[in-house]
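Report on the structure given below.
Residue numbers (the numbering used here), protein chains in the order written: chain A, 1 to 445; chain B, 1 to 445.
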């Protein structure tokens, strides 16, 4: 069957991410969605750049309305940004009966009511997972995952630029202006950073979350918006002495009187997970009356993280168009006829084939040559050592000899090789007790 | 329209949570789902206890098959647990054309293939958000939110009992046996804790996640399962000295050769967010090729957190049965005709009505009476002080007078009251510079 035909309006950072991820993961995405998804056409004012990105894989046009008018296009992805032409094109796409996916938080926070109404009347979907917190599926969590709850409050680090600046101010004790320049040099802040540092971008996102959480319309005009430009390194230091970190939070909260909707720098207890979200990362805490506190963390911006959210929306819409209703979302994520047989292609590996790193604790005789023997066996098995900790001798054995703990951290190793090496080491007469072996996971990529 | 009719098989801890949350939040849930959801009938061997929970609100029967045979029931919720009768009843419910919601990870990890096949043939949904990590919508994130990605690995703290024990062992330097007894006394561990402490429960959950992440069948029999019973306080201490925490992780990872699927104690760098997940809380880290690293955190067990996930599945199925396809999931979570008008019922509050706590930094003359005046004004405005930090005088003014920073943390206050008090304090001649005011959010409930 013909793949779902997608038209892209704008192919900058996010658009090229969408194009690349759809190409790279096309097989998995087709298995999940029940049908292929293909960028058929791209509209960008810079047609030369667009052609350089998509090559022969998609048609490039200079006029977005060519895509909207094309009857073969099923879904229009708006990645232009801003409230102006983007609003016009989204409304025209809806009027033309296209489903729309957008990453445009400014547009939805300000014109959401008009856009959702138009979509409802036309019977099409407007999806916007990428509009809040980039790759983190927070819209889906709020809209579907937590639908049992009366949501009580949401507090999020939802602007990576300002979180990067605050992290740097704290780490290095520098003032705002200095760190902003550094952030601009590194590409974490734009040449005109106003929307980020004044809290406007975070307020757009908080506005959208408040609507979803509380069943109210988007009301950006009611949001209190305060940025980080006036924060001093001194306050960050004092806060730290009192056990707090300063974060720019987007907050929305249900109260008896109404809804709080505000963005401003906030002191947060240092022991909370969200206080430890550093650099350009995002995190959103959601408190529901049944579920309690939950937290969602990940990259809030960037080409492929944002593309991840845009494509998730494309898959949702494709599953809706395509699958029989009872299996719109397959129980195991992949359409059931595409599930691999057990063992086929992707077998579950026996433990000997697993690669990980290790913590080893050895009870050894405290005498010359022990360490050389142990490390010699490890080296012989191709196991390299990351760190060692040798305790002072702490116990006197039967004949006046002393014992000690030897702690070794290794680099990545096949478990089978480790098993063999440990069997050898265990056999040494100077190893006095069963070796303790705990696996170590860096979890860093 | 008649509410969706749900039959509950088993009404223990989770079942009563489902009943209570559905009652308490029925209006919001109906607005989200597009139709009411009602527990019509409950089957439990202990009919007296069941009646005590549901009162007159639902029929109570002793025989689960009465529910399965009842043509009015749309969805059967299985909360019996285990592989035995639960498997039989789930298959019978599917055969009877009922949608099924279950929290039973053991059942799905072992018999999932059979159950999903039966459901597909019958055209019904089997939903199981509650089976992994309780209230955290991790199944939805993996299946829908991250569908653009080639998932590379998942590592999760997915058993609260063992995480509670490990947290206590580390905090108090105690050995496993001692802490287990304490956990049993507090209700964090069951009388027979084998499935938790030996890693079996975590392996059930990791098995389900591996299937969803990689498009393979559930293969619990291939999982490597290792618990925490052999961990010593010494290893936790050594790990800490090396910059690591020890956590029981459920890990599944894609490699060139196949899929790793394993549960065992793991050293994790102390700076990772997941290393700081304490007590009975759960967290799952998912690494996708496009999105990078994401993390999902919340309560992994308990009556209402688990009910939150069960009801989210009920809402999903109701939206599927009920709504017109284009609006199965409404863009703003609530069905659009139930969205409140702006300002109605739940207005967005002006900032003066917001209640929060504050950090204040005042540059004051270092002389007698200043502190009394400042605190007097705050007290007069009904603002109570949580903590104060007074720096030593650090600067000599024009006429030999000295200045200092006075830092005040307040308890919760109406922003309007704070504005008024600060205006007064700013007017004091001994307050020498504009007051810095940063809001403080405890984010603890």
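Idealized CB from N, CA, C, for every residue including glycine.
Expected contact under 8 Å - CB spacing of residue 356 of chain A and residue 412 of chain A to nearest Å: Contact holds; Cβ gap of about 6 Å.
6 Å Cβ shell around residue 326 of chain B - same chain, five flanking residues per side excluded: Only weak support is given to the placement of residue 326 of chain B: the predicted model assigns it a pLDDT of 48, under 50, and the value that follows is read from those uncertain coordinates. Shown here for residue 326 of chain B: not one same chain residue has a beta carbon closer than 6 Å to its own, the five before and five after excluded.
Residue-chain proximity (residue 203 of chain B, chain A), Cβ-Cβ < 9 Å: Chain A contact via Cβ: absent.
CA-to-CA distance, residue 385 of chain B to residue 239 of chain A, given in whole angstroms: Distance from the CA atom of residue 239 of chain A to the CA atom of residue 385 of chain B, rounded to whole angstroms, is 15 Å.
Rounded straight-line distance, which links the Cα of residue 286 of chain B to that of residue 293 of chain B: When the Cα atoms are used, residue 293 of chain B and residue 286 of chain B turn out to be separated by approximately 6 Å.
Under the three-state DSSP convention, the category residue 326 of chain A falls into: Caution is warranted here: a pLDDT of 48 is assigned to residue 326 of chain A, below 50, making its placement in the model unreliable, and no coordinate value can be reported.
Per DSSP, the bridge partner or partners of residue 405 of chain A: Looking at the DSSP assignment, residue 405 of chain A forms a beta bridge with A:363.
Complete runs of the beta strand (DSSP E) confined to the region 270 to 354 of chain B [at least 3 residues]: Segments of the beta strand (DSSP E) lying fully in the region 270 to 354 of chain B: 281 to 288 and 292 to 299.
Residue-level contact to chain B via CB, residue 297 of chain A, 9 Å cutoff: It does; some Cβ of chain B falls within 9 Å.
Chain-order list of residues whose beta-carbon lies under 6 Å from that of residue 112 of chain A (same chain, five-residue window excluded): Same-chain partners within the cutoff: 218.
Residue range of the beta strand (DSSP E) that includes residue 438 of chain A: Residues 436 to 440.
Boundaries of the alpha helix (DSSP H) in which residue 177 of chain A is found, first to last residue: Taken as a continuous stretch (DSSP letters only), the alpha helix (DSSP H) holding residue 177 of chain A covers 176 to 186.
Straight-line Cα distance separating residue 306 of chain B from residue 108 of chain A: Answer to the nearest angstrom: the Cα atoms are 33 Å apart.
Candidates B:206, B:84 and B:173: closest to residue 223 of chain B by CA position: Looking at B:206, B:84 and B:173, the one whose alpha-carbon comes closest to that of residue 223 of chain B is B:206.
Exposed unless 16 or more other CB atoms sit within 10 angstroms - verdict on residue 444 of chain A: When all chains shown are included, residue 444 of chain A counts as exposed.
Which residues DSSP lists as bridging residue 247 of chain B, in chain order: For residue 247 of chain B, the beta-bridge partners assigned by DSSP are B:266.
Short CB-CB distance (under 9 Å) between residue 188 of chain B and chain A: Not an interface residue.
Same chain, Cβ closer than 8 Å to residue 167 of chain A, neighbours up to 5 away in sequence not counted: So the list reads 278 and 279, once near-sequence residues are dropped.
Residue range of the beta strand (DSSP E) that includes residue 101 of chain A: Segment 99 to 102, the beta strand (DSSP E) holding residue 101 of chain A.
Minimum Cβ-Cβ distance from residue 159 of chain B to chain A less than 9 Å: Residue-level contact by beta carbon fails for residue 159 of chain B and chain A, as no gap is shorter than 9 Å.
Inter-residue Cα distance where the pair is residue 343 of chain B and residue 143 of chain A: In this structure, the CA atom of residue 343 of chain B is about 21 Å from the CA atom of residue 143 of chain A.
Chain A contact for residue 433 of chain B (CB, 9 Å cutoff): For residue 433 of chain B, no CB of chain A lies under 9 Å from its own CB, so it is not counted at the interface with that chain.
Nearest-angstrom Cα separation, counted from residue 318 of chain A out to residue 23 of chain A: Taken atom to atom, the span from the alpha-carbon of residue 23 of chain A to that of residue 318 of chain A is near 16 Å.
Within 9 Å, strictly: CB atoms of residue 333 of chain A and residue 215 of chain B: The answer is yes: Cβ separation under 9 Å.
Contacts around residue 61 of chain A, its chain only, beta-carbon distance under 8 Å, and the 5 residues preceding and following it disregarded: Hits under 8 Å: 41, 42, 43, 47 and 67.
Which of helix, strand or coil DSSP assigns to residue 150 of chain B: Looking at residue 150 of chain B - three-state DSSP - the assignment turns out to be coil, as it is neither helix nor strand.
Counterpart residues of residue 390 of chain B in DSSP-defined beta bridges: DSSP, once it has assigned bridges, lists B:406 as partnering residue 390 of chain B.
For residue 275 of chain A and residue 147 of chain B, the rounded distance between their alpha carbons: Those two C-alpha atoms are separated by around 29 Å.
Residue 224 of chain B, DSSP secondary structure in three states: The answer is strand: DSSP assigns residue 224 of chain B an E or B state.
Residues that residue 334 of chain A contacts on chain B, provided the C-beta gap is smaller than 7 Å: Under the 7 Å cutoff, chain B gives 215.
Beta carbon of residue 100 of chain A nearer than 9 Å to that of residue 75 of chain A: Yes, these two residues count as a Cβ contact at 9 Å.
Residue 17 of chain B, DSSP secondary structure in three states: Three-state DSSP puts residue 17 of chain B in a helix.
Rounded Cβ spacing between residue 358 of chain A and residue 440 of chain A (contact assumed at less than 8 Å): That pair is a contact at about 6 Å.
Any C-beta of chain A under 9 Å from that of residue 418 of chain B: It does not: the Cβ of residue 418 of chain B has no partner Cβ on chain A nearer than 9 Å.
CB contact below 9 Å: residue 362 of chain B versus chain A: No, no contact with chain A.
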